[in-house]
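See structure below.
In this note's numbering, the protein residues as written are 16 to 560.
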């Protein structure tokens, strides 16, 4: 889900932390790049509104279509999907060209600014315009605004991870505040995730004291090819013949849904699903176990988009025969004769010991205090003590080999790389499957209010493409490629470029007329350098149904 953006950020910065999101109130320019926080991270919009009121901050949104966040932006750059790296390089070109680069900062904190400047000479706004589909003037205006605004906060979203070149695009965007030195200012820099600030001791939770490195680990984004015997994943090993699913809905969320369905229907696959609802995946189960909701068990949470540890206490007894993940795993361990002291502990005992060994106090203390604010100091969060590499330098020239094995096609400097599934004469449209406002993947697709608000799945077409296809709003169309096809209704949208179509997701497969959902169209191939789901990176055709 996030491996590609993880790789790009880590290659640049070396760790997962950053400026406190609450600092946005001190920003003069906030850039939401590759995310739609008005739908998926509403706390960001709270900070944006405070910054607007306090400092008159501007909001720029970079997204292929008019999301709810883009609707309230001061500037929306609706670029073509997967071209973020080109835009970032053109902005960097302008920063050097127009003397907005902080050379003293880079001399102290970056690895090779002179090589970068030379590399960017040909990455002009005109060059980027042909790739992104934006006007040269739009790129120039954005670059000027960024260069002239010291307190600029870039909020990097998960959208980067949905494209085959997502790691390269993320790395390019992360370079921007290092060129201007925005990291040194309150409300400045860039932020992706805080997941490395918690220093968890997961020995008990994950059984690290008995970890067997020889155990096979398979990529769940490739569950379709795996279950249908693809030797890319299985090698000389045996097929998967037994599977337990918890906390996911692969029949809907995994790429190449036709292969996933084929795999789940195998007669030789013993399939157990532990679920709260009768999801599409649950309908394939040989055994279906009822699962508790968050109200029915103890849990502890860490934030990625902010900086808190919070407790999720059990508030009601489990309904019916529902059991928590912990109870199911411990029950299996008992029946299989697996021994570990964690299997004999309650959820509360595991939470308590993990908090203590991680240096966060006891579970009772967390319950009394309600949360723990783990935000690092300003100096550490803004990397004023150096970036997380031995030399303390930000990496304009990333070591992609350290991020994953499939790195040979990745550039040595920030750039645009044509790794995407490009449109062609047979598949003239590029498809984005962004999250719908009322669903979170498939977490809320079974709740009546969410279903009512979303109404039905649609494909968003710009008016020019609708005219070319001889379709109008409400018409049914088939959207397909070599992986399969789905049937949806047309919605006319005026925001994205011609050739870009959007199907907000993730609807259950049964919501589509032919019983196949949008991930039917998405490829399961492993993107460089370390794999991941490329859900916004598909070329499709569209025909009247």
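All residues carry an ideal CB built from backbone N, CA and C; glycine is no exception. Note that the coordinates shown come from a computational prediction; the quantities given were computed from them, not determined experimentally.
Secondary structure note for residue 68: its alpha helix (DSSP H) is the uninterrupted segment 57-70. Within 10 angstroms of the beta-carbon of residue 39 lie 16 or more other beta-carbons, which makes it buried. Here residue 290 has 297, 303 and 306 as same chain residues with Cβ atoms under 7 Å from its own Cβ, once five neighbours each way along the sequence are excluded. By a beta-carbon distance limit of 8 Å, residue 34 contacts residue 206. Their separation comes to about 5 Å. As for any alpha helix (DSSP H) of minimum length 4 sitting wholly inside the segment 240-322, the runs are 246-249, 265-268 and 272-279, ordered along the chain. Contact between the segment 496-515 and the segment 67-77 is absent, with fewer than three C-beta pairs closer than 8 Å.
The beta carbons of residue 189 and residue 24 sit closer together than 9 Å. Here residue 475 is buried. Its C-beta has 16 or more other C-beta atoms within 10 Å. Note that the C-beta distance between residue 479 and residue 513 is below 9 Å.
Under the 8 Å Cβ criterion, the segment 151-170 does not count as touching the segment 212-229, having fewer than three qualifying pairs. As for any alpha helix (DSSP H) of minimum length 4 sitting wholly inside the segment 109-144, the runs are 118-124 and 128-134, ordered along the chain. Under DSSP, residue 491 takes part in a beta bridge, and its partners are 504. Judged by DSSP secondary structure, residue 478 falls within the alpha helix (DSSP H) whose first and last residues are 478-484.
Excluding sequence positions up to five before and after residue 43, its CB lies within less than 6 Å of the CB of 70, 72, 164 and 166, all in the same chain and listed in chain order.
Shown here for residue 150: same chain residues with a beta carbon closer than 7 Å to its own, the five before and five after excluded, namely 144 in chain order.
Annotated three-state conformation of residue 48 is strand, per DSSP. C-alpha of residue 505 to C-alpha of residue 537: approximately 20 Å in a straight line.
Its Cα nearest to that of residue 259, the residue 299 stands out among 221, 89, 299 and 361.
If you ignore the 5 residues before and after residue 128, its C-beta comes within less than 8 Å of the C-beta of 116, 118, 121, 122, 194 and 411, all in its own chain and listed in chain order. Every beta strand (DSSP E) stretch that sits fully inside the segment 157-218 and reaches 3 residues is listed by chain position as 167-171 and 204-206.
For the 9 Å CB-CB criterion, residue 81 and residue 148 do not form a contact. In its chain, beyond the 5 residues on either side, 117 and 120 have a beta carbon closer than 7 Å to the beta carbon of residue 196. Under the DSSP assignment, residue 440 falls outside any beta strand (DSSP E); it carries neither an H nor an E label. By the Cβ rule, the segment 533-550 counts as touching the segment 178-186, because three or more pairs are nearer than 8 Å. The criterion of a C-beta distance shorter than 9 Å is satisfied by residue 240 and residue 247. Here residue 41 really is in contact with residue 202; their C-beta atoms are around 3 Å apart, less than 8 Å. DSSP, reduced to helix, strand and coil, places residue 447 within a strand of the structure shown.
When rounded, the separation of the alpha-carbon atoms in residue 74 and residue 113 is 23 Å. Judged by DSSP secondary structure, residue 344 falls within the alpha helix (DSSP H) whose first and last residues are 340-351. Here the alpha carbon of residue 345 sits roughly 20 Å from the alpha carbon of residue 285. Counting along the chain, residue 27 sits inside the alpha helix (DSSP H) bounded by residues 18-28. Going by C-alpha positions, residue 390 is about 15 Å away from residue 399. The three-state secondary structure of residue 327, taken from DSSP, is strand.
In this structure, 558 is the residue among 425, 526 and 558 with its C-alpha nearest to the C-alpha of residue 484. Contact between the segment 433-448 and the segment 46-65 is not established, with fewer than three Cβ pairs separated by less than 8 Å. CA-to-CA, the gap between residue 176 and residue 554 works out to about 17 Å.
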